[in-house]
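Residue numbers (my numbering), protein chains in the order written: chain A, 1 to 262; chain B, 263 to 719. Where is the CB? At the ideal position from N, CA and C, for every residue including glycine. Right, one structure below, let's go through it.
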C-alpha cells in the first residue's frame with residue numbers, strides 16, 4: 001500500500017491541516033463548535049416532535065434512537081459534500097506548492113470525525129438522562145463505538161477521495177451529491193427501523209444502501225444495547241476496504257490532471 | 263563549478279510537457295452532459311506543447327537562471343522540477359530537498375494567526391514540527407512582523423503576507439531553491455534583504471534556480487543560464503552571453519511580432535501574464551501601433567539613445583469631435599516610465615473621420631536597457647475609452663553598457679586635473695544593437711546566434 005505510506009509520511013501535515021480547519025472554523029464565531037452540532041440537534045428536535053407527537057410510533061426513547069442514527073449520517077453527508085470542493089478550494093496549494101492532494105479530502109473527513117466525536121458526549125449525556133428517568137438502561141456495547149467510527153471513517157475517506165477528484169473534472173458533481181444526500185437521508189433507516197418497513201422489496205433495497213449497516217450498527221450499540229449483526233459487520237468491513245481501494249485507484253488516475261484541470 | 267561533477271542537483275532529460283486544449287467545449291465537463299449526451303470525453307481535443315525535448319543538468323551549488331519570453335515554458339519547467347507537474351515525456355531527476363518560491367504564502371489560511379500559519383506552511387514545505395520550533399525565532403525575525411504574529415493572517419497587508427511567506431520558505435534549509443519572479447515583490451528594503459539571503463544561500467552551496475524577467479538578476483546572480491523559446495532550449499551557458507543572445511533575438515523577431523492586428527496567439531499555453539488587453543467602445547479603433555526609425559523603417563531593436571517614432575494608425579467609424587490620444591510607457595516591473603496625452607499637452611480636438619495616423623516622435627529614446635511595454639489609447643476628454651490597448655507593444659532596449667535604472671540622461675564624463683585613465687574600452691560603449699553585433703564580429707566573439715556577414719568597420 002504505497003498510498004498509505006505516502007499518507008503516513010505526511011501525517012504531520014494532515015494533522016496540522018485538520019487542526020487549522022477546525023481552528024479556522026471555530027474562530028470568529030462565539031458559539032464555535034456549537035454550530036457544527038446545530039444541524040443534527042435541529043433535525044433531532046424536529047423529527048422527535050413529528051414522530052412522537054404528530055405520528056406517534058412504537059419506538060421507546062425515540063430521541064435516543066434518532067440521535068444514534070443522525071450523528072453518523074451527518075458525519076457521512078457533511079464529509080462527502082464538503083470534500084467535493086476540498087480540492088478546488090485549495091487550488092493555490094495544488095498549483096503552487098508540492099502538495100499531496102489526497103490530504104485535502106482526508107482533512108475534511110478528519111475534521112468532521114472530530115465534530116462527530118465531540119457530539120458523542122452529548123449523546124451519552126442524553127442516554128444517562130433517559131436512564132435516570134428510568135426509561136432506558138445503559139449497556140457496555142457503547143464501548144464498541146470507536147471501532148465503528150474507525151470503519152466508517154475509512155469508508156467515508158474512500159468515497160471522499162473519489163468525489164473530491166472527480167468533482168474537479170465534473171463541476172456539477174457537488175449539486176448532484178447535495179441532492180443525493182437529501183434522498184439518502186430517507187433511504188437510510190435513521191428516522192425509522194428497517195423492520196417496520198412493510199414492503200419486502202423495499203426492505204431489500206434499503207439493505208443495498210452502503211450507509212445502512214453503519215447506521216444500523218450504531219443504533220444497535222447505543223440504542224438496542226446489542227452487538228452489531230454479523231452480516232452488518234461483514235458488510236461494513238467490505239464496504240470500508242472496497243471504498244478505500246477504489247478511492248485510491250480513482251484518485252491516482254486523476255492525480256496528475258488535477259494541477260492542470262483546476 | 264564548471265568541472266563536470268558526477269553528482270548533479272537537477273537533471274532534466276528530454277523533457278516535453280503538453281497542456282491539454284479542450285477545444286470548443288467548455289473546459290469543465292459536467293456529469294449531466296456526460297450522462298445525457300453520452301459524451302464522457304476525458305481526452306482533450308488537442309494539446310499544446312509547452313516544452314519540447316529539453317535537456318540540461320544543473321550542478322550542485324550552481325545558480326541557474328531560466329529566461330525567455332512569456333509563454334516560453336519557464337514556469338512550466340520550474341513546476342516540473344518542483345514536482346507540481348509531471349512531464350508528458352522524459353524525466354526530471356532531483357537530488358536533495360527542494361523549496362519552491364513559486365507563490366509566497368500560497369498555503370496561508372486567512373482565518374488563523376501568523377504563528378499558526380508559520381507552522382503549517384513549514385510542514386507543507388517539508389519541515390517537521392520540531393524543526394520549525396528550532397527556526398521559529400529566526401523566521402519571525404527575518405519577516406519583521408513580530409508584533410502581528412498573533413493576529414489572523416487576513417489582517418495582514420499583502421507586503422506582510424509576502425514577507426512571512428518568504429521568511430518561512432528560505433528557512434526550510436533546502437538543498438535546492440526554486441524562485442519564480444518573487445524577488446520583485448515587497449518594498450526596497452525587504453527585497454534587498456531577500457537578495458542578500460539568496461546570496462548567502464548560494465554561498466552556503468544551495469543550488470538556486472531562477473525564473474525571471476529581471477535580466478540584471480540573471481547576470482548578477484547566476485553562474486549559468488538557459489534561454490527557452492517556445493518550449494525549446496535556445497541557448498545555455500554563460501549568463502552574460504545567453505542574456506545578450508536573448509535580447510538580440512527578441513529585438514530581431516519582434517520587428518514583425520507586436521503590432522500586427524489580431525495576431526494569432528503564437529505562444530503556447532500557459533497564457534502570458536502580460537498579454538495584451540484591450541477595451542473600449544470601438545467607435546475609434548487603434549488599428550496598428552508600430553515603432554519606426556527616422557526613415558520610417560519599422561523596428562523594435564532599439565539601441566539606447568536612438569531616435570524612435572511611435573506610429574499609431576487609427577480609424578474612426580463615425581466622425582468624432584472629442585478625442586484624445588494618449589500613451590503610457592511602462593518598465594517590465596510595472597513602473598510607469600512616462601505617460602502623456604494630446605489633451606494634457608493642449609491639443610484641442612476638432613475632427614476625426616476615417617483613417618488617420620498619429621506619430622509620437624522622440625529624437626532620442628533615453629532609456630536604460632531592458633524590456634518596456636507600451637499602452638496606447640484613444641478616448642474622450644472625460645476619459646471614456648474608444649479603444650484602449652494595454653501592452654500593445656513590447657519594447658526591448660538593448661545596450662552594451664550595463665548601467666542601471668530606467669532613464670539615461672544624455673551625458674559624458676569630463677575630467678580635469680591630475681587624473682588619468684588607461685583607455686576607454688570602446689567595446690563597452692553605448693552603441694545600437696546592430697553596431698554592437700558588428701563589434702562583436704570584429705572581436706571574434708562566438709555568439710550562439712549565427713552571425714550574418716557584415717562589413718567591418
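Buried/exposed call for residue i, threshold 16 Cβ in 10 Å
| i | result |
| --- | --- |
| residue 502 (chain B) | exposed |
| residue 456 (chain B) | buried |
| residue 673 (chain B) | exposed |
| residue 338 (chain B) | buried |
| residue 198 (chain A) | exposed |
| residue 516 (chain B) | Because the pLDDT at residue 516 (chain B) is just 39, under 50, the model does not fix this residue reliably, and the point stays unresolved. |
| residue 423 (chain B) | buried |
| residue 20 (chain A) | buried |
| residue 201 (chain A) | exposed |
| residue 493 (chain B) | buried |
Supposed contact pair residue j and residue i - C-beta distance, whole angstroms, cut 8 Å
| i | j | result |
| --- | --- | --- |
| residue 431 (chain B) | residue 483 (chain B) | Contact doesn't hold; Cβ gap of about 17 Å is too wide. |
| residue 258 (chain A) | residue 101 (chain A) | 5 Å |
| residue 120 (chain A) | residue 145 (chain A) | 7 Å |
| residue 127 (chain A) | residue 136 (chain A) | 6 Å |
| residue 565 (chain B) | residue 420 (chain B) | Wrong, their Cβ atoms sit about 37 Å apart, outside the cutoff. |
| residue 572 (chain B) | residue 586 (chain B) | Residue 572 (chain B) to residue 586 (chain B), Cβ: 16 Å. No contact. |
Closest by C-alpha distance to residue i, when choosing among the options
| i | options | result |
| --- | --- | --- |
| residue 636 (chain B) | B:601, B:611, B:663 and B:619 | B:601 |
| residue 542 (chain B) | B:630, B:641, B:595 and B:624 | B:641 |
| residue 193 (chain A) | A:213, A:39 and A:175 | A:213 |
| residue 539 (chain B) | B:512, B:633 and B:651 | B:651 |
| residue 272 (chain B) | B:315, B:278 and B:326 | B:326 |
| residue 97 (chain A) | B:345, B:569 and B:623 | B:345 |
| residue 187 (chain A) | A:45, A:70, A:89 and A:92 | A:70 |
| residue 276 (chain B) | B:370, B:475, B:352 and B:512 | B:352 |
| residue 222 (chain A) | A:138, A:205 and A:167 | A:138 |
| residue 613 (chain B) | B:591, B:568, B:592 and B:546 | B:546 |
Residues near residue i by beta carbon distance below 8 Å, same chain, minus five either side
| i | result |
| --- | --- |
| residue 481 (chain B) | 501, 502, 505 and 664 |
| residue 14 (chain A) | 7, 103, 106, 107 and 110 |
| residue 669 (chain B) | 599, 628, 629 and 630 |
| residue 721 (chain B) | Examination of residue 721 (chain B) is not possible in this model, given that chain B is present from 263 through 719 alone. |
| residue 280 (chain B) | 309, 310, 311, 312 and 350 |
| residue 81 (chain A) | 174, 177, 178 and 181 |
| residue 418 (chain B) | 376, 407, 410 and 426 |
Chain-ordered neighbours of residue i on chain B, where CB pairs are closer than 9 Å
| i | result |
| --- | --- |
| residue 101 (chain A) | Neighbours of residue 101 (chain A) on chain B: none; closest Cβ ~10 Å, over 9 Å. |
| residue 178 (chain A) | Near residue 178 (chain A) there are no residues of chain B at all, since even the closest Cβ is about 13 Å away, more than 9 Å. |
Cβ shell of residue i (< 6 Å), same chain only, five flanking positions each side left out
| i | result |
| --- | --- |
| residue 373 (chain B) | 414 |
| residue 60 (chain A) | none |
| residue 95 (chain A) | 259 |
| residue 248 (chain A) | 3 |
| residue 496 (chain B) | 489 |
| residue 63 (chain A) | 48 |
| residue 459 (chain B) | 432 |
| residue 235 (chain A) | 213 |
| residue 617 (chain B) | 577 |
| residue 575 (chain B) | 549, 550 and 619 |
| residue 470 (chain B) | 325, 439 and 464 |
Under 8 Å by beta carbon: chain A residues contacting residue i
| i | result |
| --- | --- |
| residue 433 (chain B) | Per Cβ cutoff of 8 Å: no residues; residue 433 (chain B) is ~16 Å from chain A at best. |
| residue 328 (chain B) | Those within 8 Å of residue 328 (chain B) in chain A number zero; the least Cβ separation is about 17 Å. |
| residue 281 (chain B) | 260 |
Closer than 9 Å at the beta carbon, the chain A residues around residue i
| i | result |
| --- | --- |
| residue 386 (chain B) | 13, 16, 17, 93, 97, 98 and 99 |
| residue 362 (chain B) | 96, 97 and 98 |
| residue 365 (chain B) | 92, 95, 96 and 97 |
| residue 607 (chain B) | Simply none; closest approach about 45 Å. |
| residue 382 (chain B) | 13, 16, 17, 19 and 20 |
Contact list for residue i against chain B, beta-carbon separation under 8 Å
| i | result |
| --- | --- |
| residue 259 (chain A) | 341, 346 and 347 |
Interface partners of residue i on chain B, CB under 7 Å
| i | result |
| --- | --- |
| residue 9 (chain A) | Result: empty, since nearest Cβ-Cβ is about 10 Å, beyond 7 Å. |
| residue 256 (chain A) | 348 |
Per-residue contacts from residue i into chain E (C-beta, under 7 Å)
| i | result |
| --- | --- |
| residue 24 (chain A) | In summary, chain E is missing from the structure at hand, where the protein chains are A and B. |
7 Å Cβ shell around residue i - same chain, five flanking residues per side excluded
| i | result |
| --- | --- |
| residue 442 (chain B) | 337, 340, 363, 364 and 473 |
| residue 161 (chain A) | 102, 105, 247, 248, 250 and 251 |
| residue 405 (chain B) | 425, 426 and 429 |
| residue 623 (chain B) | 571 |
Residues that residue i contacts on chain A, provided the C-beta gap is smaller than 7 Å
| i | result |
| --- | --- |
| residue 368 (chain B) | 92, 93, 96 and 97 |
| residue 634 (chain B) | Under the 7 Å cutoff, chain A gives no residues; its nearest Cβ is about 28 Å from residue 634 (chain B). |
| residue 309 (chain B) | Going along chain A, no residue has its Cβ under 7 Å from residue 309 (chain B), so there is no contact; the nearest lies around 10 Å. |
| residue 443 (chain B) | Residues of chain A passing the Cβ test: none, with the nearest at roughly 12 Å. |
| residue 391 (chain B) | 12 |
beta-carbon residue i near the ligand SAH non-hydrogen atom, thresh 7 Å
| i | result |
| --- | --- |
| residue 627 (chain B) | This structure lacks the ligand SAH; in fact it carries no ligand of any kind. |
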